[in-house]
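Okay, structure first, notes after.
Residue numbers (my numbering): 102 to 266.
What follows is the structure, given as structure tokens:
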């Protein structure tokens, strides 16, 4: 069966499995409403929602609704789909998180400037801007809040603030 074109019309059942809730068995449950089928297709076989909608004969919106209802989610690594959600020092390749070596070296430099040279986040941001080091979103200007967020994700910022008190 090709995934580009459904062989059955929308709404026809391809599978029928018994499904039990609190000792009550429901027969002839549509496959897209069956958590066992959804879990197998989505997690074990790794099908996309579009592929599953064609295979199971239902809409993508319905599939998303039932996946959410049954708590079927892909792992955290697979959920990162957009560059905006990545931490500084990470990149997305083929849907998987990888280390971004240049950004990791910049992150280490930021930590070094903050701890060893005792520079403020504002000064560090100005230095990075003057050195023309691009931000994660390829911006030209660094902001102190961006530097602070990078340090906070490493728990470095909080440690130093607690040491000062």
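Positions of the beta carbon are idealized from the N, C-alpha and C atoms, including for glycine.
Output the distance between the C-alpha atoms of residue i and residue j, rounded to the nearest integer angstrom.
| i | j | result |
| --- | --- | --- |
| residue 174 | residue 220 | 42 Å |
| residue 155 | residue 240 | 41 Å |
| residue 159 | residue 145 | 20 Å |
| residue 143 | residue 153 | 8 Å |
| residue 200 | residue 187 | 11 Å |
| residue 197 | residue 189 | 15 Å |
| residue 250 | residue 232 | 20 Å |
| residue 252 | residue 130 | 51 Å |
| residue 150 | residue 195 | 17 Å |
Can you pull the DSSP bridge partners for residue i?
| i | result |
| --- | --- |
| residue 193 | 198 |
Over the uninterrupted alpha helix (DSSP H) stretch that includes residue i, give me the two end residues.
| i | result |
| --- | --- |
| residue 223 | 222-231 |
| residue 167 | 161-170 |
| residue 137 | 136-140 |
| residue 148 | Segment: none, residue 148 is in no alpha helix (DSSP H) and carries neither H nor E. |
| residue 251 | 245-254 |
Please report the Cβ distance between residue i and residue j, rounded to the nearest whole angstrom; I am assuming they are in contact, meaning their Cβ atoms lie under 8 Å.
| i | j | result |
| --- | --- | --- |
| residue 211 | residue 248 | 6 Å |
| residue 164 | residue 132 | At roughly 10 Å, the Cβ-Cβ gap does not stay under 8 Å, so residue 164 and residue 132 are not in contact. |
Segment contact flag, the segment 210-227 with the segment 240-249, C-beta cutoff 8 Å, min 3 pairs: yes
Meets three-Cβ-pair contact criterion under 8 Å: the segment 161-172 and the segment 136-148: yes
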